[in-house]
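Residue numbers (our numbering), protein chains in the order written: chain A, 1 to 259; chain B, 260 to 576. Backbone N, C-alpha and C fix where the C-beta goes; we use that ideal spot for every residue, glycine too.
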């Protein structure tokens, strides 16, 4: 296990009230890779993403991120649940972007971005501000730093949310349907930022319905349905030449909706 | 698309609207009725001898009345609300915690203190000294038992206060009113915390904030928007409930001081007017304070911040 992937998930299971939504998910993500999770709603892809940074606790299996077992310490053959503070420390290494942005509405754009570096990492405001300005420049919002979220369009809010996650300099970025709550004409600006991140070598796991993004940007596409991974591989195989009936019917349904 | 009218017709495209507004005859009737009533009221206030304005202002100017207003009314309101708001937020966080003991304790506290009339509670506070004839001490709990087991003598107390000194006067009043207020504030704070979208705490935790910090930095500031208006209500109610301090008994309080002047001079009505004026004044000041608090906690919610124009063509990063 010297060359372990950055994300190493084995046999992950999760139930909500006796309803098993994840039935043994395996997933490896190498550093610098972009993985897109596709699948119909209710397939468990968002739940799996939330399990990686422990917004949901898993019932079975193990998830390692950069060699750290998520949520537990393993001593001997026993697992010990980590404390709240230790879980918070693990999450610092993982950035997350939500479908509904979840920006802090009582803070300006730049205050959203510096909040975690200052409050969690204890960085000085001055240093955090300089980096936040650079990050907001990078997502094309360098001139909107003083705006409150309510004064920004959905696409702009989501770009601030990406900058906020990047401000913690995470090893891994998780995107939970980042464009699903956006008006169609605003989707492009967010995908453009994500493409740029991918080109810079950011490790990303993206739950999305944007087929062209998955086809062009992903190194690996994972198709999930009913809590299992149906097939996984390069986009040319999974999207271009799917082997399973469920993948084929999902993709053809998407195509007919978008044509 | 053009401004020209089609050939053969004369009607232009409709322009600005200049319509006859709806008439409101009822409003004029109401204005007339109200004008007469106001005139009657002013006449009453100026001419009725029972008001005795000179006596009203003299009574308001007495030193014990002013000191009763400042200490018994304003100071007790401020201190009780500090205890009440602080305790209420703490109780609300406890009530919403996963820990069944904390949540149960919070529920029981609210149940107990909401059940007791404030007058009775203040009366009880004034008599609590009887529970602790040897005083209230700060030290190791059950020290006499432990010392007995160990076969030692003496006590492990660092500070002992006479209970009859603690549970008296303004201190008893502030404790009583503060605890009662905390029970009501707990429900207000709980409603405020629950009004904040769950995604906010999730976003904070996803950034690596521990739960407590996410509550302080992200959830509570947003909950304040919902908490402040009913808290303003509570503060104004508290201002008036300080007149219940008499039950403790505390006599250094506005209404009692005015009443004693009134009974001395057999002028009860002007005293009621004087008290009314004081409470009106204090409430008005509190309402101004509430306005500024609401403005502060409304930041980012489009109520006060000037909306900068969105840049045109924001597409493409």
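| Item | Value |
| --- | --- |
| Residue 198 (chain A) at chain B interface by Cβ criterion, 9 Å | no |
| Chain-ordered neighbours of residue 469 (chain B) on chain A, where CB pairs are closer than 7 Å | 84, 85, 88 |
| Residue 112 (chain A), DSSP secondary structure in three states | helix |
| Three-state class that DSSP yields for residue 492 (chain B) in the structure shown | helix |
| Reference residue 235 (chain A); option with closest CA among A:116, A:38, A:20 | A:38 |
| Complete alpha helix (DSSP H) runs within the stretch 409-478 of chain B (minimum length 4 residues, chain order) | 422-425, 428-453, 457-465, 470-473 |
| Collapsed DSSP secondary structure at residue 1 (chain A) in the structure displayed | A caution first: residue 1 (chain A) carries a pLDDT of 47, below 50, which makes its placement in the model too unreliable to give a value. |
| Cutoff 8 Å; reference residue 224 (chain A); Cβ partners in own chain excluding five residues on either side | 25, 37, 38, 39, 43, 44, 45, 48, 230 |
| Rounded separation between residue 558 (chain B) and residue 107 (chain A) - CA only | 8 Å |
| Span of the beta strand (DSSP E), counted from its first residue to its last, around residue 78 (chain A) | 78-81 |
| Extent of the continuous alpha helix (DSSP H) run through residue 555 (chain B) | 527-556 |
| Below-9 Å beta-carbon distance, residue 310 (chain B) vs any chain A residue | no |
| Residue from A:199, A:8, A:221, A:166 whose Cα sits closest to the Cα of residue 117 (chain A) | A:166 |
| Terminal residues of the alpha helix (DSSP H) in which residue 378 (chain B) lies | 377-386 |
| Endpoints, the beta strand (DSSP E) within which residue 35 (chain A) is located | 34-38 |
| Coarse secondary structure for residue 247 (chain A), derived from DSSP in three states | helix |
| Spatial distance of residue 124 (chain A) from residue 169 (chain A) (CA atoms) | 16 Å |
| Counted within 10 angstroms of its Cβ, other Cβ atoms place residue 8 (chain A) as buried (16 or more) or exposed | buried |
| Residues bridged to residue 72 (chain A) (per DSSP) | A:81 |
| Host alpha helix (DSSP H) of residue 136 (chain A) (start-end) | 125-138 |
| Inter-residue Cα distance where the pair is residue 16 (chain A) and residue 54 (chain A) | 15 Å |
| Residue 365 (chain B) and residue 445 (chain B) closer than 9 Å at C-beta | yes |
| Reduced DSSP category for residue 207 (chain A) - H, G, I as helix; E, B as strand; rest coil | strand |
| Neighbourhood of residue 20 (chain A) by C-beta, 8 Å cutoff - its chain only, sequence neighbours within 5 removed | 13, 14, 227 |
| Which residues DSSP lists as bridging residue 62 (chain A), in chain order | A:10 |
| Other residues of its chain near residue 1 (chain A): CB distance less than 6 Å, five sequence neighbours each side excluded | Because residue 1 (chain A) carries a pLDDT of 47, less than 50, the predicted location of this residue cannot be relied on, and no value is offered for it. |
| Min CB distance residue 503 (chain B) to chain A below 9 Å | no |
| DSSP state of residue 97 (chain A) mapped onto helix, strand, coil | strand |
| Residue burial classification, residue 239 (chain A) (beta-carbon count within 10 angstroms, cutoff 16) | buried |
| Alpha-carbon spacing of residue 10 (chain A) relative to residue 222 (chain A), whole angstroms | 15 Å |
| Backbone CA spacing between residue 137 (chain A) and residue 104 (chain A) [nearest angstrom] | 20 Å |
| Short Cβ contact (9 Å threshold) for residue 90 (chain A) with residue 71 (chain A) | yes |
| Supposed close pair residue 164 (chain A), residue 141 (chain A) - CB separation, criterion 8 Å | Residue 164 (chain A) to residue 141 (chain A), Cβ: 11 Å. No contact. |
| Outcome for residue 411 (chain B) when other beta-carbon atoms lying within 10 angstroms are tallied against a minimum of 16 | exposed |
| Proximity test, Cβ basis, 9 Å: residue 556 (chain B) and chain A | yes |
| Short CB-CB distance (under 9 Å) between residue 184 (chain A) and chain B | no |
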